[in-house]
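Below is one structure, written out as structure tokens; the observations come after it.
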Amino acid sequence: MIGRLIIATVGFEEKFIVRFMISSRLGIESEDLLLLTIPITSDSRSRETVEIIKKLSSDYDIKLRIEVLNVDINYFWFSVGKIRRTIEDILSKFTPREVIVLLSGGMRALILETLVGCFLTGLKGRVVVHREDSEGYVEFPLEVLKMVNPPTEHRKALDIIRRSLKEDRMTLKMLAERLGTSKASAYRIVRELKNLGLVEVEHKGRASRITLTEKSQLFL
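Start counting the sequence shown at 573; every next residue gets the next number (this note's numbering).
What follows is the structure, encoded as structure tokens:
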């Protein structure tokens with residue numbers, strides 16, 4: 573099976589990376605690649621974190637290739653460029669089936685530089701950030717950073733669909749009527765909103781039911 577590419581920022585503790593390694597079964601189902609970004613000026617705790625991760629991989633003999641990238645976090649643009657080039661170099665030799673950006677540890681500057689560097693590669697993937705209290709995590713698609721505010725008519729359509737939730741239904745015909753436009757124009761708006769991942773359309777015969785996705789909350 574084609575492996576995954578995981579880009580992770582390194583902090584003073586290894587727990588979030590190790591937890592992710594275990595929950596995602598890194599190196600077990602496929603030969604995965606883990607790129608660790610770490611500040612050049614990091615203290616011994618960050619270096620120790622890297623060694624613990626390497627030892628864990630070695631002790632359990634999992635198929636996990638680990639690379640370490642040292643960046644000077646004091647120079648934002650230089651660091652972002654270095655991270656981007658490193659990832660692009662990896663991708664020139666390895667085509668992963670999935671890309672995961674793990675931003676659960678490390679200095680804030682390192683986290684920002686890693687996120688922007690990944691974004692500039694144009695990769696599709698998901699960003700995972702664990703809560704500091706270890707009570708869960710949030711994740712979002714990396715490509716959401718490319719999103720721009722939809723046109724006014726699209727945002728109006730989203731608001732109409734949101735208000736229709738009390739009625740538990742919103743069809744294409746109803747949306748067209750409430751927008752004061754043709755059914756063809758309403759269809760175009762819904763199609764574009766669906767392509768943006770902001771709505772879902774359930775078809776039942778010739779009728780269709782339109783609902784909002786979680787991502788739609790970005791514009792409501």
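C-beta: ideal position from N, C-alpha, C; glycine also.
Quick caveat, the model's predicted, so the values are computed rather than measured.
Got a sec? Which residues, its chain only, sit under 7 angstroms from arginine 656 by beta carbon, not counting five neighbours each side? On the sequence shown, residue 656 is found 84 positions in, with the first residue counted as 1. Taken in chain order, the residues that qualify are Gly689, Leu692 and Thr693.
Please list the segments of the alpha helix (DSSP H) lying wholly inside the region 587–673, counting only runs of 4 or more residues, in order along the chain. Runs of alpha helix (DSSP H) with 4 or more residues, each lying fully within the region 587–673, are found at 587–595, 616–631 and 648–663, listed in chain order.
For leucine 598 versus isoleucine 578, is the C-beta distance shorter than 9 angstroms? Here residue 598 is taken as the residue at index 26 of the sequence shown, counted from 1. Here residue 578 is taken as the residue at index 6 of the sequence shown, counted from 1. In contact: leucine 598 and isoleucine 578 (Cβ atoms closer than 9 angstroms).
Return helix, strand or coil for threonine 783, following the three-state DSSP convention. Numbered from its first residue, the sequence shown carries residue 783 at position 211. DSSP places threonine 783 in strand when its eight states are reduced to three.
Specify whether the region 706–715 and the region 731–748 touch according to this definition: at least 3 beta carbon pairs, one from each stretch, less than 8 angstroms apart. Short answer: they don't touch.
Give the DSSP-derived three-state secondary structure of aspartate 574 in the structure shown. Taking the sequence shown and counting its residues from 1, one reaches residue 574 at position 2. The amino acid occupying residue 574 in the given sequence is isoleucine; aspartate does not appear at that position. Isoleucine 574 falls in the coil class under three-state DSSP.
Among Ser676, Arg727, Asn721 and Arg680, nearest to aspartate 705 - alpha-carbon criterion: Position 133 of the sequence shown holds residue 705. Minimum Cα distance to aspartate 705 is reached at Ser676.
At a cut of 8 angstroms, does the region 723–737 reach the region 696–705 through at least three beta carbon pairs? no
Taking only runs that begin and end inside the region 692–717, name each unbroken beta strand (DSSP E) of 3 or more residues, in chain order. Counting only runs of 3 or more, we get 698–702 and 709–713.
On a CA-only basis, which of Leu792, Lys696, Lys776 and Ile733 is nearest asparagine 721? Give me that one, please. For the purposes of this step, residue 721 is identified with residue 149 of the sequence shown, where counting begins at 1. Nearest option by C-alpha distance: Leu792.
Reference leucine 674; option with closest CA among Thr785, Thr667 and Ile683: Residue 674 sits at position 102 when you count from the first residue of the sequence shown. Of the candidates Thr785, Thr667 and Ile683, the one whose C-alpha sits nearest the C-alpha of leucine 674 is Ile683.
Excluding sequence positions up to five away, which residues of its chain have a Cβ less than 7 angstroms from the Cβ of isoleucine 600? Reading the sequence shown from its first residue, position 28 is the one you call residue 600. Hits under 7 angstroms: Ile634.
Suppose the cutoff is 7 angstroms on Cβ atoms and the five residues either side in sequence are ignored; what does the same chain contact list for arginine 734 look like? Start at 1 with the first residue of the sequence shown, and residue 734 comes out as number 162. Here the set comprises Leu784 and Leu792.
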